[in-house]
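Written below as structure tokens is the structure these notes are about.
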Amino acid sequence: MSQARGPRRASRPVAKRSNVPLVLVAAVALAAIAAFGIWRYLNVRGTAADTITVYYCKTDGATLVPWKVTLGMPHDAVSIALFAANQVIAGPPSGTDAIRFPQGTVVRAVRVSGSKATVDLTGAIAKPQEGSFGESAQFKALVWTLTGIRGIDSVQILIAGSRVATLPGGHLELDQPLARSNW
Amino acid sequence: MLLGGLQAVPASAATRPAASPDYWFAGTRVIWSKPQKRGDELAIANDDAGLGRFLARLGAIISYDPGQRYAVITSGDRRTISFAVGDARYTVAGVTQTAPFAPYVAGRSVYLPFSALAKALYVSLVADGSATVLQPQIGGLDIKVENKVTQVTFRSASPPKFKIVSDPSDPHLAIQFSGVGSTLEKDRHIGGSAEVHGMTIRTGGTARNPTTTVIFDAMSGTSHVAMTPQTQNEIAIGFAFKGVAMAGTPLGASAPAVAQAMPNPTRESAGPSTNEYARVGAEVVPPDPAIPPPALSAAALVTAVEAIPDGQTLNVRIGVTGPVSYEWHRLPDNRWYVDLKNATLGVPARDEQPNNMAASSLRIRQLSTAPDPVVRIALSLASQRQVQLLPSDGGFTIAVGALDNLDAQRVGSGKVVGGSIVAAATPAGGDMWSPPVTAAPSAPVYMPTNPKLIVIDPGHGGSDSGAARNGLVEKDIALDVSKRLRAVLIARGWQVKMTRETDVDVYAPNDSAHDELQARCDVANTAGARMFISVHVNSFTSSSLNGSTTYYYKPSDQALGDAIHRSMSASLNTTDKGLRKEDFYVIKHTLMPAALVETAFLSNVEDAKLLRSPAFLQRMAVSIADGIGSYAAKVPAGNYSSGT
Chain A
1 MSQARGPRRA SRPVAKRSNV PLVLVAAVAL AAIAAFGIWR YLNVRGTAAD
51 TITVYYCKTD GATLVPWKVT LGMPHDAVSI ALFAANQVIA GPPSGTDAIR
101 FPQGTVVRAV RVSGSKATVD LTGAIAKPQE GSFGESAQFK ALVWTLTGIR
151 GIDSVQILIA GSRVATLPGG HLELDQPLAR SNW
Chain B
184 MLLGGLQAVP ASAATRPAAS PDYWFAGTRV IWSKPQKRGD ELAIANDDAG
234 LGRFLARLGA IISYDPGQRY AVITSGDRRT ISFAVGDARY TVAGVTQTAP
284 FAPYVAGRSV YLPFSALAKA LYVSLVADGS ATVLQPQIGG LDIKVENKVT
334 QVTFRSASPP KFKIVSDPSD PHLAIQFSGV GSTLEKDRHI GGSAEVHGMT
384 IRTGGTARNP TTTVIFDAMS GTSHVAMTPQ TQNEIAIGFA FKGVAMAGTP
434 LGASAPAVAQ AMPNPTRESA GPSTNEYARV GAEVVPPDPA IPPPALSAAA
484 LVTAVEAIPD GQTLNVRIGV TGPVSYEWHR LPDNRWYVDL KNATLGVPAR
534 DEQPNNMAAS SLRIRQLSTA PDPVVRIALS LASQRQVQLL PSDGGFTIAV
584 GALDNLDAQR VGSGKVVGGS IVAAATPAGG DMWSPPVTAA PSAPVYMPTN
634 PKLIVIDPGH GGSDSGAARN GLVEKDIALD VSKRLRAVLI ARGWQVKMTR
684 ETDVDVYAPN DSAHDELQAR CDVANTAGAR MFISVHVNSF TSSSLNGSTT
734 YYYKPSDQAL GDAIHRSMSA SLNTTDKGLR KEDFYVIKHT LMPAALVETA
784 FLSNVEDAKL LRSPAFLQRM AVSIADGIGS YAAKVPAGNY SSGT
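Chain order of the listed sequences is A and B. So the first sequence is numbered by my numbering: it starts at 1 and just counts up by one. So the second sequence is numbered by my numbering: it starts at 184 and just counts up by one.
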């Protein structure tokens with residue numbers, strides 16, 4: 001009897017012990033995969049810093065000044081790019097010596113495709129511009145800021161949804177993506 | 184599904200549509216188009232018409248794109264406020280705060296906690312009976328003590344208005360803001376200032392008509408001015424002892440005055456000053472030396488244009504009556520065009536996108552009319568595709584191949600006569616009829632067909648005035664300087680062609696930037712000029728900037744820009760703002776050495792004075808011509824690589 005029960009006793013507990021860890025391992029693996037998926041979604045390009053570097057151009061038209069801006073909650077690249085573009089348009093704190101986008105410039109949309117960010121601007125920027133000096137500095141700050149986001153190398157500008165050669169009455173060519181090497 | 188749920192946090196059961204609540208702002212009831220309630224809190228969609236009007240009055244802007252997780256609002260004083268879908272935390276100028284509920288997505292809209300948004304915009308929700316008044320506040324204060332001047336800046340929800348309510352003889356300046364309350368602390372000590380020791384802030388009025396009075400504890404013997412604020416939602420007041428220079432408008436010299444923070448920055452119209460300026464530019468200049476006339480006297484007629492796409496290739500068949508000479512150009516950005524000289528377009532102009540992989544656009548138009556009619560056919564190639572001109576019945580065919588030709592020549596010419604093509608030259612392996620020039624594939628040498636020709640481009644013109652300030656208009660000054668430059672260059676033995684000689688658009692009135700600027704480049708590229716000089720006048724929103732700048736784009740153009748800029752710096756008394764590299768369209772898309780000169784800032788009072796002076800404009804023209812001469816002496820024609 002004992003010999004007969006022995007193997008049965010021995011085999012049943014073994015079977016139970018091997019199933020429970022398997023289920024646990026599978027659950028942990030699934031959870032890990034799900035967590036990784038969520039993490040990947042929220043950090044598409046791996047940027048998870050709490051601040052981003054936003055640039056503005058001083059009124060000498062040449063000097064770029066970086067300043068740290070506290071990032072909001074989402075950390076995916078598109079959200080960060082939208083946030084960064086708005087920060088550039090808003091400019092540095094009031095009282096700072098800076099060349100700023102015309103007040104009333106609106107960031108309509110930001111997309112990120114591969115290493116290229118597309119920034120769609122409208123509002124005051126779509127009206128005839130004043131001089132090449134500010135125009136160049138404004139876009140220099142925007143391009144430097146966005147290409148500071150990990151994975152973004154160039155910025156395509158759209159004005160009111162369209163690719164344009166330059167701003168109305170403008171000078172800087174905008175129908176090709178801009179990169180830091182443009183300056 | 185899981186990730187999608189994270190992206191578009193749906194409205195929970197606690198969210199419900201709401202009747203438009205009784206909110207008032209600036210004397211009128213706010214009509215929300217699709218408000219919702221989240222508990223007791225009001226949730227407003229980013230695209231709610233009522234929110235749009237509210238933000239517009241504050242000078243604020245909202246940026247949200249359906250599918251994204253951020254909604255970013257820029258306040259009138261240029262602070263950014265960012266909300267994230269599904270997160271109750273939000274940031275105001277980088278400082279994290281917590282809203283009553285997390286923003287959520289419904290349809291293509293994001294719903295925001297209105298009370299949090301209003302607070303961030305310096306707007307308080309004040310009960311007035313059963314109604315709620317959205318009361319703008321003075322919510323920000325900056326104090327700067329520098330160079331014996333104390334500057335106090337108030338930041339308000341909306342563009343503030345104030346008046347002086349103190350006696351002019353009282354050193355304790357008191358100002359009263361109307362229509363705004365204040366969230367600032369009521370008594371404020373100003374440390375480190377010898378001019379103002381502190382200030383007291385008192386609020387009054389009603390919920391709908393609030394007032395805020397600020398009494399400055401200014402020292403006897405001080406004066407005060409309204410300084411230029413950074414944004415329309417700010418008031419900046421400067422204090423200094425008499426005798427210390429301050430930039431601004433004196434306050435309180437006589438009766439109480441009503442002032443507004445900052446005038447709306449609109450462009451000045453041309454007006455009488457333009458006419459006055461036009462007289463300066465109307466002097467007699469020598470006639471433009473003509474480019475040699477076309478060899479064929481009777482104009483040919485283009486009777487047909489047929490695009491035949493075929494996947495990777497494109498054939499464009501051109502029907503043309505009579506003999507016609509042509510000249511084609513391949514530009515560095517893969518645009519290719521052929522000009523049919525002494526030809527008129529007998530079919531409608533076209534601008535289309537052929538459905539194929541070889542070229543993204545095809546454009547046919549009458550480039551110029553009699554006495555030198557030219558028809559242009561232009562292609563935007565997908566890459567450095569091989570292009571051939573082939574004879575065909577009643578004309579010729581432009582054949583765009585499937586393969587790239589990395590050794591492709593950049594220019595060629597010939598004639599179409601009686602169903603055959605007589606090319607000026609036929610290089611082996613390259614496009615047909617290229618001129619006999621040697622060119623390295625990576626850095627082609629530009630050989631001007633007219634080494635004595637300089638193209639001057641007076642910036643802007645016609646429907647595009649360029650900048651306009653201080654009674655000056657950029658297009659007029661640019662034309663004046665260009666005409667003077669032309670006269671100087673001709674006197675020195677150069678030939679000159681202008682992209683425009685009067686106040687006109689070069690391409691067409693109200694045309695696109697591409698058409699207008701490319702037309703200017705085409706003048707120089709088609710003429711085979713030795714150099715291209717674009718003349719402009721700068722401007723900036725701040726009147727403090729002044730000076731002269733010279734721009735180049737191609738590295739090989741730096742020498743030309745440098746020569747011109749050195750010459751200008753040596754002979755003009757403007758501030759030297761340097762030689763700079765920029766992606767400016769006209770200096771990028773011209774094949775020859777090119778520079779763009781920004782003569783001075785018409786937005787600066789001192790520069791504007793100079794720009795009104797014919798003597799200064801003449802010195803400017805002479806200095807540019809000196810620079811051109813200096814460059815030409817150093818860099819012979821043909822020793823120029825247009826590679827970038």
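Virtual Cβ for every residue (Gly too), placed ideally from N, Cα, C.
ask   = Out of B:I420, B:T389, B:F424, which has the shortest C-alpha to C-alpha gap to S403 (chain B)?
value = Comparing Cα-Cα distances from S403 (chain B) to each of B:I420, B:T389, B:F424, the minimum goes to B:F424.
key: Coil, strand or helix - F723 (chain B) by DSSP   = Coil, per DSSP.
inquiry  = Measuring CB atoms only, is the stretch 309-320 of chain B touching the stretch 253-270 of chain B, in the sense that at least three cross pairs come out at less than 8 Å?
reply    = Segments in contact, no.
request  = Give a yes or no on whether the minimum CB-CB distance between L146 (chain A) and chain B is below 8 Å.
outcome  = Output row for L146 (chain A): interface = no.
inquiry  = Below 8 Å, how does it come out for the stretch 723-741 of chain B and the stretch 667-675 of chain B: are there three or more Cβ pairs, yes or no?
reply    = No: the two stretches stay apart, fewer than three of their Cβ pairs being nearer than 8 Å.
request  = Quick one: measure Cβ to Cβ for Y520 (chain B) and L586 (chain B), integer angstroms, because I've assumed they're closer than 8 Å.
outcome  = Cβ atoms of Y520 (chain B) and L586 (chain B) stay farther apart than 8 Å, at about 20 Å.
query = Helix, strand or coil for V20 (chain A) per DSSP?
reply = Here V20 (chain A) sits in helix by DSSP.
inquiry  = If you reduce the DSSP assignment to three classes, tell me which class P574 (chain B) lands in.
reply    = Strand at P574 (chain B).
key: For A179 (chain A), the three-state DSSP class (helix, strand or coil)   = In the three-state reduction of the DSSP assignment, A179 (chain A) falls in the coil class, being assigned neither a helical nor a strand state.
ask   = Would you call the stretch 292-308 of chain B and the stretch 222-230 of chain B in contact, with 3 or more CB pairs under 8 Å?
value = Enough Cβ pairs lie closer than 8 Å, so yes.
query = Three-state secondary structure (DSSP) at D325 (chain B)?
reply = In the structure shown, D325 (chain B) falls within a strand segment according to DSSP collapsed to helix, strand and coil.
ask   = Which bits of chain B does P66 (chain A) rub up against, with CB to CB less than 9 Å?
value = Here the premise fails: no neighbours, minimum Cβ distance about 14 Å.
message = If you follow the alpha helix (DSSP H) that D76 (chain A) is in, where does it begin and where does it stop?
response = Run containing D76 (chain A): none; DSSP gives neither H nor E here.
request  = Tell me P641 (chain B)'s beta-bridge partners as DSSP assigns them.
outcome  = Paired residue(s): B:V718.
key: 7 Å Cβ cut-off: residues of chain B touching S79 (chain A)   = Residues of chain B passing the Cβ test: Q251, R252, Y253.
task = Please name the residue, chosen from B:Q251, B:G577, B:H407, that lies closest to R291 (chain B) on a Cα-to-Cα basis.
result = Answer by Cα proximity: B:Q251.
Proximal chain B residues relative to V112 (chain A), where beta-carbon distance stays under 9 Å = Ordered by position in chain B, no residue passes the 9 Å Cβ test against V112 (chain A), which lies about 11 Å from the chain.
inquiry  = Would you call the stretch 648-657 of chain B in contact with the stretch 785-796 of chain B, where contact means no fewer than 3 C-beta pairs closer than 8 Å?
reply    = Inter-segment contact for the stretch 648-657 of chain B and the stretch 785-796 of chain B is present: three or more beta-carbon pairs are separated by less than 8 Å.
request  = Name the residue from A:K127, A:I33, A:A84, A:L121 whose alpha carbon lies nearest to the alpha carbon of T147 (chain A).
outcome  = Out of A:K127, A:I33, A:A84, A:L121, A:A84 has the C-alpha closest to the C-alpha of T147 (chain A).
key: Beta bridge counterpart(s) of P433 (chain B) as assigned by DSSP   = The secondary-structure analysis by DSSP pairs P433 (chain B) across a beta bridge with B:V408.
query = Hey, S731 (chain B) and L755 (chain B) are a contact pair by Cβ (cut 8 Å); roughly how many whole angstroms apart?
reply = S731 (chain B) to L755 (chain B), Cβ: 6 Å. Contact.
request  = Tell me whether E135 (chain A) sits in a helix, a strand or coil according to DSSP, three-state version.
outcome  = Three-state result, E135 (chain A): helix.
task = From the DSSP output, in three-state form, read off W210 (chain A) for me.
result = This structure gives no information on residue 210 (chain A), because the portion of chain A shown stretches from 1 to 183.
ask   = Who are the neighbours of L87 (chain A) on chain B, taking C-beta pairs under 7 Å?
value = Here residue 87 (chain A) turns out to be Gln, not Leu, going by the sequence shown. Those within 7 Å of Q87 (chain A) in chain B are T263.
Residue of B:P776, B:A239, B:N729, B:D688 minimising C-alpha distance to D260 (chain B) = Ranking the options by Cα distance to D260 (chain B), first place goes to B:A239.
ask   = Under 8 Å, do T773 (chain B) and A707 (chain B) count as touching if we go by C-beta distance?
value = In contact: T773 (chain B) and A707 (chain B) (Cβ atoms closer than 8 Å).
Residues of its chain near W183 (chain A), where Cβ-Cβ distance is below 7 Å and the 5 sequence neighbours each way are ignored = Result list for W183 (chain A): K140, in chain order.
query = Relative to the alpha-carbon of A830 (chain B), which residue among B:T682, B:D745, B:E781, B:V530 has its alpha-carbon at the smallest distance?
reply = Nothing about residue 830 (chain B) can be reported from this structure: the residues present for chain B run from 184 to 827 only.
request  = Determine, using beta carbons only, whether A661 (chain B) and T733 (chain B) come nearer to each other than 8 Å.
outcome  = Not a contact, by the Cβ cut-off of 8 Å.
task = Starting from the N-terminal side, write out each stretch of the beta strand (DSSP E) that is 3 residues or longer and does not extend beyond the stretch 232-269 of chain B.
result = 244-246, 253-257, 263-267, all fully within the stretch 232-269 of chain B.
inquiry  = On a Cα-Cα basis, can you pick out the residue from A:G169, A:T122, A:V112 that is closest to F133 (chain A)?
reply    = Looking at the Cα atoms, A:G169 is the closest of the given residues.
task = Output, in chain order, the set of chain B residues within a Cβ distance shorter than 9 Å of S136 (chain A).
result = Residues of chain B passing the Cβ test: Y734, R763, E765, D766, F767.
message = I want to see whether chain B comes within less than 8 Å of Q103 (chain A), judged by CB atoms only; does it?
response = Closer than 8 Å to some Cβ of chain B, the Cβ of Q103 (chain A) qualifies, so yes.
message = According to DSSP, simplified to helix, strand and coil, what is Y509 (chain B)?
response = Note: Y509 (chain B) maps to strand in three-state DSSP.
ask   = In chain order, which continuous runs of the alpha helix (DSSP H) of length 4 or greater are located wholly inside the stretch 766-790 of chain B?
value = The DSSP assignment places complete alpha helix (DSSP H) segments of no fewer than 4 residues inside the stretch 766-790 of chain B at 768-771, in order along the chain.
ask   = Going along the chain, which residues of the stretch 778-793 of chain B sit with their C-beta nearer than 9 Å to a C-beta in chain A?
value = Against chain A - using a Cβ distance shorter than 9 Å - the residues of the stretch 778-793 of chain B are L779, E781, F784, L785, S786.
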